[in-house]
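Accompanying notes for the structure given below.
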Amino acid sequence: MPTPPYDIQMRLSNIMTCLTVTGDTLRILAASLKGPFLEMLSVTTQSLLKNIETVKQNKNNCVVLMEQTYELLNAIIILHIKSETGGELPPITLKHIGNFTETLHKIHTFVEAQQSGSKIKMFFRQGQMSTLLKDCKNGLKQGIEVFQIKTVDIMGDIAEIQQQAKTRHQEVLAMIDALSDAAGSDGASTMSWIYSGHNRSPP
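In structure tokens form, the structure reads like this:
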């Protein structure tokens, strides 16, 4: 049974509200930590926010993809917040984030192709769009399993979900402030090591 258009529009509005905060948080992380994939995740998320507003086709699929994308982006932000090495993550975790980054690019392509008169869609042969959607869903499913995410109901308590997103944003700001304080007390060389992303011992 198809989802009523009103529900789809509500879910779309909710996920855009939450993803806007998450996108801002990613942007700050990317600018401050210079970690692998953060910049790509940030830029792609910002572009997705613009494209999702004008989706004309496959709205239900687009909303589902965006809801799961939101959960995975939050999981990645939390990993950086909880990191005990100045936002630096283990190689295996970075590999998983890299895999999700590839999936996010596919999601962006799919969503962009759902615009009215999309030029991108003209490049897809019949059946290729279905294959792309399947790849997006499989990539998200893998990410949710890897990062052990418990899915949330975006149609549930939207106020609470928004507050959680804002809290994570403040936690990122606090983490960056703490790293800045460490630079002041321990010297610029230590912060250079933290921000470099290289696997070597600190000075």
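Just so you know, the sequence shown maps onto residues 558 to 760 in our numbering.
For every residue, glycine included, the Cβ atom is placed at its ideal position computed from N, Cα and C.
Please read these numbers as outputs of a predicted model, since none were measured by experiment.
- Task: Report yes if the C-beta of residue 640 is less than 7 Å from at least one heavy atom of the ligand NAD; otherwise report no.
- Result: This structure simply doesn't include the ligand NAD, nor any ligand for that matter.
- Kindly provide the ranges of any alpha helix (DSSP H) runs that are 4 or more residues long and lie completely inside the segment 660-711, ordered along the chain. 685-703
- Message: Would residue 652 and residue 693 be called neighbours here (beta carbons separated by less than 8 Å)?
- Response: Residue numbering aside, residue 652 sits at position 95 when the sequence shown is read from its first letter. Residue numbering aside, residue 693 sits at position 136 when the sequence shown is read from its first letter. No, they are not a contact pair.
- Message: Using CA atoms only, rank isn't needed, just tell me which of 604, 583, 628 is closest to residue 703.
- Response: Position 146 of the sequence shown, counting from 1, holds the residue named residue 703. That would be 628, whose Cα lies nearest to the Cα of residue 703.
- Give me the Cβ distance between residue 592 and residue 657, rounded to the nearest whole Å; I'm assuming they're in contact under 8 Å. Here residue 592 refers to the residue found at position 35 when the sequence shown is read from its first residue. Here residue 657 refers to the residue found at position 100 when the sequence shown is read from its first residue. Contact annotation, residue 592 with residue 657: C-beta distance approximately 14 Å; criterion of less than 8 Å not satisfied.
- Message: For a test of the three-state rule: what should DSSP assign to residue 760, helix, strand or coil?
- Response: Numbered from its first residue, the sequence shown carries residue 760 at position 203. For residue 760, the predicted structure reports a pLDDT of 45, less than 50, and the residue's modelled location is therefore unreliable. The matter cannot be settled from this model.
- Excluding the 5 residues preceding and the 5 following residue 603 in the sequence, name in chain order all residues of the same chain whose CB lies nearer than 8 Å to its CB. Counted from its first residue, the sequence shown places residue 603 at position 46. Within the same chain, residue 603 has close Cβ partners 580, 584.
- Query: Buried or exposed: residue 609, going by 16 or more other Cβ atoms within 10 Å of its Cβ?
  - Reply: Here residue 609 corresponds to residue number 52 of the sequence shown, with the count starting at 1. That one is buried.
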